[in-house]
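These protein sequence lines are chains A and B, in that order. Everything in the first sequence is counted per our numbering, starting at 158 for the first residue and increasing by one. Everything in the second sequence is counted per our numbering, starting at 6 for the first residue and increasing by one.
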Amino acid sequence: MSAPAIELRNLEKSFGLAKIIQGVNLSIEKGERHAIIGPNGAGKSTLFNLITGKYTPTAGQVLMHGEDVSGMKPFQINRKGLSRSFQITNIFHNMTVFENVRCGLLWSMGYKYSFWHMINGQKALTEKADEIIEQINLTSRRNMVAGALAYAEQRALEIGITIAGGADIIMLDEPCAGMSHSETELIVDLIRKVTEGKTLIIVEHDMGVIFDLADKISVLVYGEIIESDTPEAVRASVAVKEAYLGTTLEDA
Amino acid sequence: MSTSSNSPLTAGTTRLVNLNSVLPWVIAAVALILLPQLFGSRSALTIINQMAITIVFALSYNMLLGQGGMLSFGHAVYMGLGGFFSMHVMNMVEGGLWLPLPLLPIFGGLFGMFFAFLIGSFSTRRAGTVFAMISLGVGELVAACSVIIVIFFGGEEGVSGDRTMGPEVFGWDFGSHEQVYYLTIFWLLIAALGMFLYSRTPIGRIANAVRDNEERAEFLGYSQRNVRWMSFIASGFFAGIAGALFAINYEILTEENLNLATSGTILLVTFLGGVGFFVGPIVGAIVFTLLQTVLGLYTELWGLYLGILFLATVMFFPFGLTGLIAMHIAPWKMGKIGHLVVPYAMLFFPAVLAILSGAAFMEILFHIREAGVGDSEMSLYGITFDSHAIWPMATAIVVFVVSVFIINRLSARVKAAWDEATHTGRAGS
C-alpha cells in the first residue's frame with residue numbers, strides 16, 4: 158500500500174501560550190475527498206496553514222506521500238504537488254483573468270525564473286491557460302481585470318489558479334464562503350469536476366456542501382480531532398453532536 | 006474600465022503607448038538619430054545625453070518600484086558603483102587594455118549587477134518597510150565608504166579619466182559630443198528595449214505577481230525572495246549601464262553619484278513620471294532634466310519649482326504625469342474628449358497666470374534676500390523693476406490670489422465635464 162497523500166503525526170502549534178493545535182493525528186489517502194469541519198476558532202485555518210507551510214509546527218510532523226515536509230516553505234511544498242486556495246479571496250486583483258491563471262501555470266510548465274522566454278509567445282502556455290479558464294467558465298471574462306469580477310467569479314478564478322499548476326493535492330479553504338445558494342451549487346460542481354482523481358482537502362462551513370462532496374470528514378474541536386470517519390458515521394456521532402450543540406448537523 | 010486599485014504602483018491596464026509593436030521603437034530610434042540635425046548645438050546634445058542617462062537610471066529604478074513593488078532609497082549605489090568601475094576600466098584602457106569605448110557600458114552593467122547580487126542577497130528577504138530601511142542603510146554605508154576607500158572612489162575629488170584613449174571604432178575616437186551622443190542613445194535604446202522585454206518574460210510577470218500578492222505567489226511555487234532578488238539583480242545591471250554612460254559623458258565620478266540625494270532624486274523622477282507605466286520614468290526623466298537644465302538657466306529656484314511640481318503630482322495625480330495623460334485615453338476612445346476642451350481652455354489662462362504670479366512672488370522674495378546691497382533692480386518676464394518697491398510684489402500677490410480664486414470657481418465645472426466625459430452608463434467612477 159502506498160503512503161497516504163497527507164499524514165499528520167502528533168502535530169502541535171502554539172502561539173505564545175495559546176495551544177491552537179494539540180496533537181493532531183490524521184491520515185488522508187490518495188484520491189480521497191476529505192473535509193475538515195469544526196466550530197469557529199477550532200483551529201481549522203491553522204491546521205491548513207501548517208500543512209501548506211505557512212506556519213512551522215511547534216511539534217510533530219507533516220508527511221506528504223511519506224516524505225516529511227514540516228518546516229518547508231510554501232513554495233517548496235507547492236512544487237511537490239500541493240496547492241491551496243484561500244478563505245479570503247486571494248487573487249492578483251490588478252491582472253486579467255488570463256494573466257492570473259497563467260501565473261498559476263508558469264512554475265509547473267517549467268518556466269521557473271526564466272528571463273529568456275517572451276511570455277506572450279508561448280503557445281502551449283496560452284492554450285493551457287485558456288483551457289483552464291474554460292473549465293472554470295470564465296472564458297467571457299478572459300481579458301477582464303480580476304478585481305472587477307463579481308464575487309462568485311473571483312472565487313471560481315481562485316479555484317482556477319489553485320488547480321492550474323496540476324497539483325495532485327488540492328486544499329480549499331471555505332470555497333463557498335459568502336455565496337448564494339445557486340452560486341454554491343455551481344462552485345461545488347466545479348470543485349467536483351476539477352478535482353477529479355485528485356486528493357481534496359476542504360474546510361467549509363456549509364454542511365450541505367460537506368456532505369455532498371466529502372468521502373470522509375474530520376471534526377476539529379479546540380485543536381483536537383474528535384472524530385474522523387465517513388459522513389454517515391460523523392452525522393451519527395454523539396461527540397460531534399455535543400460539539401455542535403446538536404443543531405447544525407440536523408439542518409444539513 | 007476603472008482602475009481596480011488606488012495604489013499608484015498598479016495604475017491598471019491602461020497603456021499610454023503600445024510598446025509591443027515595433028513602430029514606437031522605430032520612431033524613437035529615427036527621431037533620436039535625426040535629432041542632432043535639428044538641435045546640433047553642443048548644449049542641446051549635452052542635455053539630451055543627460056536625459057538619456059536619467060531615463061536608463063529611472064527605468065532601472067522602476068524595475069524595483071513599479072514592477073517589483075520595492076521602494077528603494079539607495080538605488081544610486083548601483084549606478085554609482087557601475088560608474089566608478091567603468092571609470093577604472095577607462096583608465097585601464099588608457100594604460101593599454103584593449104577595449105572599444107562602446108563596450109564599456111557592459112562592464113558597468115556587470116559590476117552594478119554584481120553588487121546588486123551581493124546586497125540583494127540579504128535586502129530582498131523582506132519586502133515593504135524592511136526592504137526600504139535596508140536600502141537606506143546600504144546607501145548611507147556605501148556613500149560613507151566612498152570617502153574612506155580612496156583607492157577605489159578617489160576621495161573627495163572622485164575618479165576621472167579620458168574616454169578617447171581606447172581603440173577607434175570606424176574612425177570614431179569619441180572626442181566630439183556628437184559621437185558620444187550616438188553612443189549614448191545607442192545604449193539608451195538597447196537598455197530601454199532590454200528592460201521592456203524583461204517585463205514581458207515569465208520572471209517579469211511573476212515580479213508583478215509578487216508585488217501584488219506575495220503570499221499567493223508563494224503558493225504557486227515561487228519563492229518571493231528569489232523573485233525580488235532577480236528583479237533587483239536585473240535592475241542593478243541596467244543601473245550600472247546608466248553609471249557607465251555617465252562615466253563616458255562626464256569623464257568623472259564623485260561621491261555625489263552614489264549618495265542618498267541622488268537616490269532620492271531618482272525616486273522623485275520616477276514617481277513624477279508615473280510608476281505604473283513603463284513609459285512613466287521616461288516622461289519623468291525628460292521633464293526633470295528639462296526643469297533642471299533649461300529652467301536652471303533662468304532661475305536658481307528651479308529646485309523649489311520641481312519640489313512643488315512633485316508635491317502637486319503626488320497629491321493630485323498619484324499616477325504621475327503619464328497617468329494624467331493616460332486618464333484621457335478613455336474619454337478619447339469614447340469620442341467624448343470634446344466635453345473637456347472648453348473647460349480646459351477656460352482653465353488654461355488663470356492656471357498660467359497663477360503659475361507666473363506665484364513664481365514672480367518667489368523670485369522677488371529671493372531677489373530681495375540674495376541680491377547685493379543697493380542692487381534692487383531686477384528683471385522678470387521681460388519687465389525691469391525695483392524689487393524693493395511695493396507694487397511688483399503687490400501685483401504678484403493680487404494676480405495670484407485672483408487666479409487661484411478663478412481656478413477654484415472653475416473646478417466644479419471641470420469636474421462636471423470630466424464626469425460627463427468619462428461616464429460610460431455604468432455605476433461607479
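Ideal Cβ placement from N, Cα and C applies to all residues, glycine included. Remember, it's a predicted structure, so these values are computed and weren't measured experimentally.
Alpha-carbon to alpha-carbon, residue j and residue i
| i | j | result |
| --- | --- | --- |
| B:Q42 | B:A36 | 10 Å |
| B:F179 | B:L300 | 29 Å |
| B:W192 | B:F243 | 10 Å |
| B:S9 | A:N182 | Unreliable positioning characterises B:S9 in this predicted model, as indicated by a pLDDT of 39, which lies under 50. The coordinate reading is nonetheless provided below. Rounded to the nearest angstrom, the two C-alpha atoms are 43 Å apart. |
| B:F353 | B:L415 | 11 Å |
| B:F251 | A:F272 | 27 Å |
| B:T129 | A:P231 | 17 Å |
| B:F371 | B:F322 | 29 Å |
| B:M351 | B:S408 | 12 Å |
| B:I435 | B:E99 | Outside the modelled stretch of chain B, which goes from 6 to 434, sits residue 435 of chain B, for which no answer is possible. |
| A:F368 | A:V391 | 10 Å |
| A:T387 | A:V397 | 13 Å |
| B:L302 | B:S48 | 12 Å |
| B:G377 | B:A365 | 19 Å |
| B:E232 | A:Y270 | In the sequence on display, residue 232 of chain B carries Val and not Glu. So the two alpha carbons sit approximately 7 Å from each other. |
| B:L141 | A:L239 | 38 Å |
| A:E399 | A:E384 | 12 Å |
| A:D346 | A:R190 | 14 Å |
| A:V254 | A:T296 | 9 Å |
| B:G17 | A:N251 | Because the pLDDT of B:G17 is 44, which lies under 50, any placement of that residue in the model is unreliable, and the number read from its coordinates should be weighed accordingly. Using only the alpha carbons, I get a separation of about 6 Å. |
| B:A227 | A:W264 | According to the sequence shown, residue 227 of chain B is Tyr rather than Ala. Spanning the two alpha carbons is a distance of roughly 7 Å. |
| B:L444 | B:Y187 | For residue 444 of chain B there is no data in the structure shown, the boundaries of chain B being 6 and 434. |
| A:A324 | B:M68 | 31 Å |
| B:L361 | B:S65 | 35 Å |
| A:F205 | A:L357 | 12 Å |
| A:L282 | A:S242 | 22 Å |
| B:T294 | B:Y255 | 16 Å |
| B:G346 | A:T246 | Residue identity differs from the one stated: residue 346 of chain B is Val in this sequence, not Gly. Roughly 42 Å separates the two Cα atoms. |
| A:S394 | A:V376 | 10 Å |
| B:V406 | B:G363 | 9 Å |
Residue closest to residue i, alpha-carbon to alpha-carbon, out of the options
| i | options | result |
| --- | --- | --- |
| A:F249 | A:Q311, A:G267, A:V351 and A:L347 | A:Q311 |
| B:G117 | B:L141, B:F78 and B:A239 | B:A239 |
| B:L50 | B:I190, B:G85 and B:V27 | B:I190 |
| A:E340 | A:I185, A:L357 and A:A309 | A:A309 |
| A:I382 | A:A160, A:A175, A:A192 and A:W273 | A:A192 |
| B:V319 | B:L272, B:V284, B:L277 and B:F390 | B:L277 |
| A:V258 | B:I153, B:L194, B:M75 and B:R210 | B:R210 |
| B:G343 | B:A426, B:A148 and B:Q72 | B:A426 |
| B:A149 | B:V232, B:N262, B:G325 and B:E223 | B:N262 |
| B:V404 | B:D424, B:L358, B:E375 and B:M383 | B:L358 |
| A:Y379 | A:A307, A:G180 and A:V219 | A:G180 |
| B:I246 | B:K420, B:F44, B:Y255 and B:S91 | B:S91 |
| B:S268 | B:V82, B:A33 and B:V22 | B:V82 |
| B:G144 | B:I111, B:E173 and B:E260 | B:E260 |
| A:I208 | A:A199, A:Y401, A:G317 and A:G228 | A:G228 |
Residue(s) in a DSSP beta bridge with residue i
| i | result |
| --- | --- |
| A:R166 | A:Q218 |
| A:Q179 | A:E169 |
| A:A192 | A:I359 and A:I374 |
| A:V302 | A:T253 |
| B:W423 | DSSP output for B:W423 lists no bridge partner at all. |
| B:W177 | B:V174 |
| A:D369 | Beta-bridge pairing links A:D369 to no other residue. |
| A:R241 | A:M328 |
| A:V395 | A:V395 is not bridged to any residue. |
Residue i beta carbon near the ligand ADP (any heavy atom closer than 7 Å)
| i | result |
| --- | --- |
| A:Y212 | Among the components of this structure there are no ligands whatsoever, and the ligand ADP is therefore not found. |
Given a limit of 8 Å on CB to CB distance, which residues of the stretch 207-225 of chain B reach chain A?
P207, I208, G209, R210, I211, N213, A214, D217, N218, E220, R221, A222, E223, F224 and L225
What are the residues of the stretch 377-400 of chain A that lie near chain B, defined by any Cβ-Cβ distance shorter than 9 Å?
Hits within the stretch: zero.
Members of the stretch 261-291 of chain A near chain B, C-beta cut-off 8 Å:
G261, L263, W264, S265, Y268, K269, Y270, S271, F272, W273, H274, M275, I276 and N277
If the cut-off is 9 Å on Cβ atoms, which residues from the stretch 244-257 of chain A count as contacting chain B, listed in chain order?
N247, I248, F249, H250, N251, M252, T253, E256 and N257
At a CB distance below 8 Å, what residues from the stretch 323-343 of chain A approach chain B? Give them in sequence order.
none
Tell me whether the stretch 76-96 of chain B and the stretch 104-124 of chain B touch, counting them as touching only if at least three CB pairs, one residue from each stretch, are closer than 8 Å.
yes
Assess, as a yes-or-no matter, whether the stretch 213-222 of chain A is touched by the stretch 293-304 of chain A under the definition of 3 or more beta carbon pairs within less than 8 Å.
no
Inter-stretch contact (C-beta, 8 Å, three-pair minimum) for the stretch 272-291 of chain A and the stretch 196-208 of chain B
yes
Positions along the stretch 195-212 of chain A whose CB lies within less than 9 Å of some CB in chain B
T209, G210 and K211
Output needed in chain order: residues of the stretch 231-243 of chain A with a Cβ under 7 Å from some Cβ in chain B.
Among the residues of the stretch 231-243 of chain A, those with a Cβ less than 7 Å away from any Cβ of chain B are P231, F232, N235, R236, S240 and R241, in the order of the chain.
Taking one C-beta from the stretch 306-319 of chain B and one from the stretch 395-402 of chain B each time, how about it: are there three or more such pairs within less than 8 Å?
no
Using a beta-carbon distance cut-off of less than 8 Å, what residues from the stretch 188-205 of chain B approach chain A?
L202, Y203 and R205
Check whether the stretch 162-173 of chain A and the stretch 218-226 of chain A touch, using three or more Cβ-Cβ pairs below 8 Å as the test.
yes
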